[in-house]
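Colleague: Each residue of the sequence shown is one higher than the one before, starting from 1 at the first, in UniProt numbering.
Just so you know, even glycine gets a beta-carbon here, dropped at the ideal spot from N, CA and C.
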Amino acid sequence: MAPHCLTFNRYTHYYTILNQNVWNKIWPILISEIPLIIEAADVPVKMEHNHPQDPLIDLDQGIQFNGIGEDGHETFLLRKENMTTFDFCKTVQKPYDLTVCLVLLRARQLAGDAFSLRSDGSWNEGGWRKAYNLYKLLWPEDVLCCPWRGRSEPDLFPEEETPSELTDGNSNMTNVNAKETNLIQDQVRRQDFSDVGKVIRNLLSSCISDPTHRKCAQNELRWQSLPGVTLRLIDVFLGRIVDAPEGCSFLALSYVWGETRISGLRDETMQWFAQNGSLFQAKNIPRVISEAIQLCGAIGERYLWVDALCIKQDDTRDKAIQILRMRKIFGSAKMTIVAAAGHDANSPLCASNQPRNQELSPNRIYQNSIWTTRGWTFQEAALSHRMLVFSTLGLYFECQDQLWNIDESSLETTALPRGANEWDFLYGSSGSELNAYYSAVEGYSKRNLTYQSDVLNAFQGIMKTFSSTLDGRNNEFYFGLPTSLFDQAICWQTDQHCPHLRRPQYPSWSWLGWRQRIFWKSQPDAHTRSAQMLYQPVNKRKRLMFAQLGAVGSSPLFTHQYGHRRPCYFQGQDRKDGEWAWGLPAALSIYSRGTSSLCLMSSLAQLVVSRIDLAPTEEPNGLYSVMADSPNREILGTVQLDRGWRDDQPDFMPFMALDGEEEDGTLVLTILMCLSHSDNDSDSREYSRVQTMECQIGEETWKKAGALLRLIWLI
1 MAPHCLTFNR YTHYYTILNQ NVWNKIWPIL ISEIPLIIEA ADVPVKMEHN
51 HPQDPLIDLD QGIQFNGIGE DGHETFLLRK ENMTTFDFCK TVQKPYDLTV
101 CLVLLRARQL AGDAFSLRSD GSWNEGGWRK AYNLYKLLWP EDVLCCPWRG
151 RSEPDLFPEE ETPSELTDGN SNMTNVNAKE TNLIQDQVRR QDFSDVGKVI
201 RNLLSSCISD PTHRKCAQNE LRWQSLPGVT LRLIDVFLGR IVDAPEGCSF
251 LALSYVWGET RISGLRDETM QWFAQNGSLF QAKNIPRVIS EAIQLCGAIG
301 ERYLWVDALC IKQDDTRDKA IQILRMRKIF GSAKMTIVAA AGHDANSPLC
351 ASNQPRNQEL SPNRIYQNSI WTTRGWTFQE AALSHRMLVF STLGLYFECQ
401 DQLWNIDESS LETTALPRGA NEWDFLYGSS GSELNAYYSA VEGYSKRNLT
451 YQSDVLNAFQ GIMKTFSSTL DGRNNEFYFG LPTSLFDQAI CWQTDQHCPH
501 LRRPQYPSWS WLGWRQRIFW KSQPDAHTRS AQMLYQPVNK RKRLMFAQLG
551 AVGSSPLFTH QYGHRRPCYF QGQDRKDGEW AWGLPAALSI YSRGTSSLCL
601 MSSLAQLVVS RIDLAPTEEP NGLYSVMADS PNREILGTVQ LDRGWRDDQP
651 DFMPFMALDG EEEDGTLVLT ILMCLSHSDN DSDSREYSRV QTMECQIGEE
701 TWKKAGALLR LIWLI
């Protein structure tokens with residue numbers, strides 16, 4: 001059941017210190033863990049919601065933070081000593097509520113009954129459930145129960161297994177008691193890659209020293225070490241895993257795991273892999289990793305990052321933080337070695353007996369490559385500044401400005417035109433950041449994932465790139481959609497309607513909820529970007545605008561100085577046909593954000609969907625006319641639906657006005673969203689997204705279609 005929007009006003013947490021002596025003992029521990037909590041929550045916070053200063057985390061002054069801009073509410077404060085009899089923070093389920101809940105939950109767990117905690121929120125859902133799940137990632141050994149229902153209450157949440165393609169290796173490492181070896185650089189260079197390594201080193205050096213290659217320079221690595229979370233690298237000269245020395249340069253490896261059982265880094269192998277020579281003596285190291293280690297040494301680089309050996313596979317905290325830091329890892333690597341020729345981790349770097357074609361078109365380098373079909377490798381390529389690509393058609397060095405073919409037999413290099421790749425939206429592209437993000441989603445959504453639960457994690461590094469600002473506007477992401485223009489971003493489309501490709505763990509209105517190629521038909525202008533489906537549109541006096549005609553501003557799409565679109569409003573009974581609604585959807589409550597459901601006031605019409613396919617093909621989708629329920633059955637547009645799914649639906653289906661544009665001084669609807677009732681309950685106010693339909697519908701036509709004002713939860 002969707003939460004009632006009006007209850008969000010009461011969403012408040014109450015807390016106080018009951019035993020100062022106990023609190024004094026745990027206080028330094030809590031303070032040291034706050035940076036970990038803030039990073040793991042992955043919600044932008046500042047000291048005050050309209051202040052640029054970073055959150056306060058101080059042993060003497062305490063803890064203080066808030067959400068940013070519209071995503072802030074009351075500032076959260078926690079001190080070494082009580083400021084009042086009972087402190088409280090009303091978050092109204094704004095995004096920073098997750099961070100607040102996690103801090104309070106950790107404080108309660110450390111202090112026990114010395115710290116009292118209760119909340120208006122439900123322990124079984126919303127912010128507390130999110131906080132519980134994240135807490136178990138960070139401190140998996142702790143036993144949690146509802147703090148305000150008694151310490152004896154059992155754990156209310158089922159433990160969920162969330163395997164990951166990135167970190168689901170099976171440990172079958174045979175520990176050999178290796179003797180300390182005195183390995184030196186020359187021993188590594190005598191491997192098969194010694195000659196080609198020199199060529200690569202020269203190309204890399206030329207790119208680094210060229211002043212015109214400014215876009216190619218890797219980012220400065222700023223790694224904040226947290227309890228139990230460090231940046232680990234492979235020391236290829238000593239054959240061991242080490243904590244990254246300060247200021248060191250390193251290479252990264254991007255490859256496909258496939259079905260290979262990878263012997264990864266785990267608690268039981270940590271001590272073994274820390275020994276000199278352990279990686280050279282270990283059994284079952286996949287071939288692609290072993291060869292990448294040899295190549296790295298041949299190039300003259302000492303350190304290499306590989307996910308299987310640099311992320312602890314059995315440490316949920318380490319995995320969670322390292323995934324969030326993928327942007328830093330690949331963005332700071334001097335170069336990424338791309339194993340694009342292999343089908344799994346046991347494939348060699350070089351494809352044997354493949355023809356070398358120096359006239360090859362750059363966009364064909366990756367043809368027939370499994371690497372280009374995998375979800376995780378998309379952001380690894382996008383975040384990298386330089387790549388050394390082992391393709392089925394040759395070896396290539398690619399930076400942001402040039403592309404070189406390397407003949408592994410003659411060691412000759414040939415310059416090729418630098419073509420455009422689908423991941424060239426960060427460093428090599430021009431234009432708006434929004435266009436870059438749209439391009440990223442469109443490219444990524446075509447990729448495959450072994451585990452569908454990875455869909456957000458495998459894109460996290462790219463979203464972090466745009467998470468603070470987007471084209472100069474404050475921004476974060478809400479289930480994959482940018483909040484700075486949420487109303488326009490939710491208008492994404494798909495080639496086909498495929499109900500069987502739904503990801504049920506994500507809302508239907510988010511592209512994350514579908515295993516399909518996503519695209520946008522157009523990019524909104526800067527002045528037309530809005531987010532009234534997340535944030536309730538109000539005027540200068542903070543009054544609701546649902547019943548207002550928008551006297552401020554000349555355009556019907558922009559009803560006041562903050563640039564919101566015209567929200568749907570109750571037209572009243574001055575019309576012959578009675579009550580009806582005209583306008584675009586808007587959040588019912590200013591506090592309605594915080595769950596996966598969108599609580600909206602919408603203009604909804606029950607439209608007739610034909611059962612006759614207008615363009616029959618062998619494809620599972622059909623093209624159906626959508627008509628108004630009027631005597632002449634005026635056709636409003638066409639919608640693409642799965643035939644089998646359409647056959648099971650009634651003649652009438654709900655459509656919501658989703659987007660519009662100004663035309664000759666009036667609002668014209670340009671996109672409708674086809675909806676379906678949750679659980680096939682026609683009386684429910686819960687709806688799921690089915691498909692979008694392009695249209696050109698004016699006010700009178702929409703009125704005749706019977707559009708009414710409806711409160712709905714879009715789930």
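Give me the DSSP bridge partner(s) of F477.
Modeller: Answer is P482, bridged to F477.
Colleague: Pop quiz: C568 and L709 are said to be a contact at Cβ under 8 Å. What is the actual Cβ separation, rounded to whole angstroms?
Modeller: That belief holds up - the Cβ atoms of C568 and L709 are roughly 6 Å apart, short of 8 Å.
Colleague: Below 8 Å on the Cβ atoms is my contact criterion, and I expect G121 with G112 to pass it. Report the Cβ-Cβ distance as a whole number of Å.
Modeller: That belief does not hold up - the Cβ atoms of G121 and G112 are roughly 21 Å apart, past 8 Å.
Colleague: Identify whether E661 lies in helix, strand or coil by the three-state DSSP scheme.
Modeller: Strand at E661.
Colleague: Taking all protein chains shown into account, do 16 or more other C-beta atoms lie within 10 angstroms of the C-beta of M653, making it buried, or fewer, making it exposed?
Modeller: It counts as buried.
Colleague: Taking the alpha carbon of F486 as the reference point, which residue from W509, K464, Q496, K319 has its own alpha carbon closest?
Modeller: The candidate whose alpha carbon is nearest that of F486 is W509.
Colleague: If we require 4 or more residues per run, which alpha helix (DSSP H) segments fall completely within the region 304 to 350?
Modeller: Entirely contained in the region 304 to 350, the alpha helix (DSSP H) runs reaching 4 residues are, in chain order, 307 to 310, 316 to 324, 326 to 332.
Colleague: Could you spell out where the beta strand (DSSP E) holding T450 opens and where it closes?
Modeller: It is not in any beta strand (DSSP E) - T450 carries neither H nor E in the DSSP assignment.
Colleague: For A657, which option in S119, E694, A320 has the closest C-alpha, if you only look at C-alpha atoms?
Modeller: It is E694 whose Cα lies nearest to the Cα of A657.
Colleague: Helix or strand or just coil, what does DSSP make of N124?
Modeller: Three-state result, N124: coil.
Colleague: For the pair the region 286 to 306 and the region 333 to 347, tell me if three or more CB-CB distances fall below 8 Å.
Modeller: Contact holds: three or more Cβ-Cβ distances are below 8 Å.
Colleague: Considering only DSSP beta bridges, list what C599 is partnered with.
Modeller: BP columns for C599 point to W713.
Colleague: Just reading off the alpha helix (DSSP H) that W23 is part of, what are its end residues?
Modeller: Looking at the DSSP string, the run of the alpha helix (DSSP H) that includes W23 is 20 to 41.
Colleague: Can you tell which of R201, I234, H13, Y451 has its C-alpha closest to the C-alpha of residue 735?
Modeller: The structure shown does not extend to residue 735, since the chain is modelled only from 1 through 715, so no value can be given for it.
Colleague: Can you give me the C-alpha to C-alpha distance between Y451 and P52, rounded to a whole angstrom?
Modeller: Roughly 38 Å separates the two Cα atoms.
Colleague: Could you pull the start and end residues of the alpha helix (DSSP H) that K90 belongs to?
Modeller: Segment 87 to 90 is the beta strand (DSSP E) holding K90; no alpha helix (DSSP H) there.
Colleague: Within its chain, find whatever has a CB closer than 7 Å to the CB of R374; leave out the 5 residues flanking it on each side and keep chain order.
Modeller: The answer, listed in chain order, is V256, R447, N448.
Colleague: Would you check if the distance between the CB atom of L669 and the CB atom of V690 is smaller than 8 Å?
Modeller: No, the Cβ-Cβ distance between L669 and V690 is not below 8 Å.
Colleague: Are T12 and C89 close, meaning C-beta to C-beta below 8 Å?
Modeller: Cβ distance < 8 Å, so T12 and C89 count as in contact.
Colleague: With distance defined between alpha-carbon atoms, name the residue in P140, A531, K319, E268 nearest to F477.
Modeller: Checked all of P140, A531, K319, E268; the closest Cα to F477 is A531.
Colleague: From what residue to what residue does the alpha helix (DSSP H) around M270 run?
Modeller: Unbroken alpha helix (DSSP H) run through M270: 267 to 273.
Colleague: So L641 is in the beta strand (DSSP E); what residue range does that whole segment cover?
Modeller: That run of the beta strand (DSSP E) goes 635 to 642.
Colleague: Shortest alpha-carbon distance to D314 belongs to which of G342, D267, A282?
Modeller: For D314, the nearest C-alpha among the options comes from D267.
Colleague: Could you tell me whether the region 460 to 470 touches the region 501 to 517, where touching means 3 or more Cβ pairs closer than 8 Å?
Modeller: With the cut-off at 8 Å, the region 460 to 470 and the region 501 to 517 do not touch.
Colleague: Name the one or two DSSP bridge partners that L411 has.
Modeller: Answer by DSSP bridge pairing: none, since L411 is not bridged.
Colleague: Between V608 and E125, what straight-line distance do the alpha-carbon atoms span, to the nearest angstrom?
Modeller: Those two C-alpha atoms are separated by around 37 Å.
Colleague: Straight-line CA distance for R79 to I57?
Modeller: Those two C-alpha atoms are separated by around 10 Å.
Colleague: Helix, strand or coil for N621? Go by DSSP, reduced to three states.
Modeller: Correct three-state label for N621: strand.
Colleague: Spatial neighbours of T465 within its chain, please: CB distance less than 7 Å, with the 5 preceding and 5 following residues excluded, ordered by chain position.
Modeller: Within the same chain, T465 has close Cβ partners R327, L426.
Colleague: Determine the closest residue to I234 out of E246, P55, L251, with distance taken between C-alpha atoms.
Modeller: Out of E246, P55, L251, L251 has the C-alpha closest to the C-alpha of I234.
Colleague: Who does Y506 pair with in a DSSP beta bridge?
Modeller: DSSP, once it has assigned bridges, lists no residue as partnering Y506.
Colleague: Taking DSSP as the reference, what is the three-state secondary structure of M463?
Modeller: Residue state, collapsed to three classes: helix.
Colleague: Taking P227 as the reference, which of W520, T16, L30, T91 has the closest Cα?
Modeller: If we check each option's Cα against that of P227, L30 comes out closest.
Colleague: I'd like to check one pair, G698 with D629: are the Cβ atoms closer than 8 Å?
Modeller: Cβ distance not < 8 Å, so D629 and G698 don't count as in contact.
Colleague: Restricting to Cα atoms, I'd like to know which of R386, A340, L614 is closest to N219.
Modeller: The residue with the shortest Cα to Cα distance from N219 is R386.
Colleague: Flag this pair as yes or no: are the beta carbons of Q96 and G67 separated by less than 8 Å?
Modeller: Checking the displayed sequence, the identity of residue 96 turns out to be Tyr instead of Gln. Yes, Cβ-Cβ distance for Y96 and G67 is below 8 Å.
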